[in-house]
Amino acid sequence: MCGIVGYIGDKKAQPILLNALGKLEYRGYDSCGIAIANKSIEVYKDVGRVKALAKILEPHNGKVGIGHTRWATHGEPSKINAHPHSDCAGKIAVVHNGTINNFSRLREMLAEEGHVLASETDTEVIPHLIEKYYDGDFEKAVEMAVGEIDGAYTMIAIMAGESRLIAARKDSPLIIGVGDRENLIASDVPALLDYTSRVIYLEDGDIAVVSASDVKVKQNGAVIDREVHEISWSMEDAQKGGYEHFMLKEIHEQPKVIRDTLTDYLSKAETAADLTGMGGGSLENIIILACGTSYHAGLVGKYIIEDLVNVPVRVEMADEFSLSGQSPAGNQAIVITQSGETLDVLKAIKRLKANGNRVIAVTNVVGSSVTRAADRTIYTRAGPEICVAATKTFVAQLIALYWLALPYARVNAARLDELVLELRQLPVKVQQVLDNEAEIAAYAKKLAAYDNVFYIGKGINYPIAMEGALKLKEISYIHAEGYAAGELKHGPFSLLGEKTPVVAVVTQDNTYEPIVTSIKEIKARHSPVIVLANEDDDVMPDLADSVITIPRVDPLFSPVVNITALQLLAYFVAKERGCPIDFPRNLAKTVTVE
Ligand code: M6R
């Protein structure tokens, strides 16, 4: 899950590569580097972020180059492990995203043949393999090198004296930006948008040979046509727009994201059965698979579908799914992944399809790998999400799940109308939470002083407690756990006390009374309690230490407003603690490794 980029054209490559790398840093940012090809190859790399690299670069006029921003897998973040990596003669340079399974064997083989590999990385075998196979034909050498590799090898190679970038895609995204007298290659669209809005999505197994004026794509040795797509969102969409952090901007975009996602679904809906792209088939034996925040969306989806459609839903983490003894057969599976590239999800899809399950993907990224792997895709319309912590894409996923369930809802027409009306009003309700930002920021200041926090919720808001805790730990580095309110007394109570606050989601539904009881029990153990409660709740102000007021919505939709408040809470805690909010340590936005 590193970010890679390549440039070839009529301009100096160095500033373009640096700019593009800056846009890819969300994918990994422990070290970075670039290589520029002329008659020779110059490599510049170091630990740290792209801005620091820019300061140590010597200006270079070369018009062909590659760049990399790293999320370490093999070997610690260090200058020697940073990419690009080179061959013995220093004539070939490679940037790579993925993990090479057979790299130990390849390293041994190359060492026996006299190659000296300097780093601990798996990547370094690639330039040496290209060197080994090079007999005057760069393209053939790359193809032969790729043929030796087992694993994920999305990469770009350059060679001294060559006016071509050669790229290969396997298991991670790679997109060609088609420009005017210049072409680019990158792991994600934002890196390309300053130069072109015309892109080609490479597919697994593709090898692309790219010059300033031509793009050739080969699959299994044969040249093939890949469609050129026009990107509809602009660079402005992917910039901070006056907000201090992408995360805050992205939380504030949520009313628009809900509107855009609903508008998109409504515009395509000719009949109720068309709404979801499920083709009107029956909605039975549902399994939902996802990771991280998307998994939490899946857990909310279970409550939505079981409540509305009255069918049992099984939700599993995609990374655990492959370990469960029995793979289900003949089910309707829904996989949720904002990036569309999460390797654990893609592997789960392979297993699902091998057993005859039908797979619907919910994703935010057009043309991502999941869209090709699944039978059908439902897009969320959140626009580019840059902050590593997912916020607006989570809300968009919830909207997709409501929309997916509504056509199958076993409720009367009046209730259905009511639900659709409530759904349409959600942007206004979410805006009310955003307007309450100052109050949430004030509570965050207090919470920032603690080292451990529990989040509790019940029913449909139990996954929201989990997601609130994930947001807090991810960006503020405070240890946080999300629990079902009733579970706390079965063990975690031993940790309660003045130094362990509890954030409780207590918006009103049929779980209100039992959660009030839980809060009384928690208060008896002296833990400070912050609650999310409806504005007309007259019990909580006396019971809790702090109350964040939440507009009342139908309980089914309460996760959307509640998570908005918890996202803001996590944001302001992290800000208070001076954390690098958009790029938390050790994380990456797109997780394309196991
Ligand atoms: O792209 P995906 O939705 O498949 O990503 C899954 C997780 O890696 C992701 O949600 C992760 O947990 C986020 N950093 C959460 O903010």
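End of the sequence shown = 1779 in the working numbering, gap-free, step of one. For glycine and all other residues, C-beta sits at the position ideal for the given N, C-alpha and C.
Of the residues 1733, 1710, 1381 and 1241, the one whose Cα lies closest to the Cα of residue 1721 is 1733. At a Cβ-Cβ threshold of 8 angstroms, residue 1645 and residue 1750 do not count as neighbours.
At a threshold of 7 angstroms, residue 1523 counts as near the ligand M6R, since its beta carbon sits closer than that to one of the ligand's heavy atoms. With a cutoff of 8 angstroms on beta-carbon distance, residue 1574 and residue 1656 are scored as near each other.
Taking one beta carbon from each stretch, the stretch 1397-1407 and the stretch 1208-1224 have fewer than 3 pairs nearer than 8 angstroms; the two do not touch. Within the chosen limit of 7 angstroms, the ligand M6R reaches the beta carbon of residue 1573 through at least one heavy atom.
Counting only the Cα atoms, residue 1701 lies some 11 angstroms from residue 1671.
Within the same chain, 1590 and 1594 come within 6 angstroms of residue 1493 by CB-CB distance, once the 5 residues on both sides are set aside. For the 8 angstroms CB-CB criterion, residue 1258 and residue 1279 do not form a contact. The distance from the Cβ of residue 1612 to that of residue 1737 is about 16 angstroms, inconsistent with a contact at the 8 angstroms cut-off.
Secondary structure of residue 1270 (DSSP, three-state): strand. Here residue 1369 is not near residue 1359, since their CB atoms are 8 angstroms or more apart. Take the alpha-carbon of residue 1446 and the one of residue 1585: they are about 8 angstroms apart.
DSSP, reduced to helix, strand and coil, places residue 1653 within a helical segment of the structure shown.
Taking the Cβ of residue 1570 as the reference point, every heavy atom of the ligand M6R lies at 7 angstroms or farther away.
Residue side-chain check: residue 1374 keeps its Cβ at 7 angstroms or more from all non-hydrogen atoms of the ligand M6R.
Taking residue 1636 as the centre and dropping the five residues before and after it, the same chain places the C-beta of 1663 and 1664 closer than 7 angstroms to its C-beta, in chain order. Secondary structure of residue 1761 (DSSP, three-state): helix. Taking C-beta separations shorter than 8 angstroms and ignoring five residues to either side along the sequence, the partners of residue 1685 in its chain run 1635, 1637, 1638, 1639 and 1712, following chain order.
Judged by DSSP secondary structure, residue 1709 falls outside any beta strand (DSSP E) and instead within the alpha helix (DSSP H) spanning 1697-1709. In the three-state scheme derived from DSSP, where H, G and I count as helix and E and B as strand, residue 1405 is classed as coil.
In the three-state scheme derived from DSSP, where H, G and I count as helix and E and B as strand, residue 1752 is classed as helix. Rounded to the nearest whole angstrom, the C-alpha separation of residue 1355 and residue 1364 is 24 angstroms. With the rule of 3 Cβ pairs closer than 8 angstroms, the stretch 1264-1280 counts as touching the stretch 1206-1218. For residue 1235, the secondary structure class from DSSP, reduced to helix, strand or coil, is helix. Take residue 1485, set aside five residues on each side of it, and the residues of its chain with a beta-carbon closer than 8 angstroms to its own are 1583, 1586, 1645, 1648, 1649 and 1744, in chain order. Leaving aside the five residues that flank residue 1551 on each side, the residues in its chain whose CB is nearer than 7 angstroms to its CB run, in chain order, 1564. At least 8 angstroms separates the beta-carbon of residue 1442 from that of residue 1546. Restricted to the stretch 1238-1307, the alpha helix (DSSP H) segments that are unbroken, complete and at least 4 residues in length are 1288-1297, listed in chain order. At a Cβ-Cβ threshold of 8 angstroms, residue 1541 and residue 1515 count as neighbours. Counted as a single uninterrupted DSSP element, the alpha helix (DSSP H) harbouring residue 1536 occupies residues 1528-1539. Take the alpha-carbon of residue 1250 and the one of residue 1512: they are about 45 angstroms apart. Checking the 7 angstroms criterion, the Cβ of residue 1479 is within range of a heavy atom belonging to the ligand M6R. The beta carbons of residue 1326 and residue 1341 sit no closer together than 8 angstroms.
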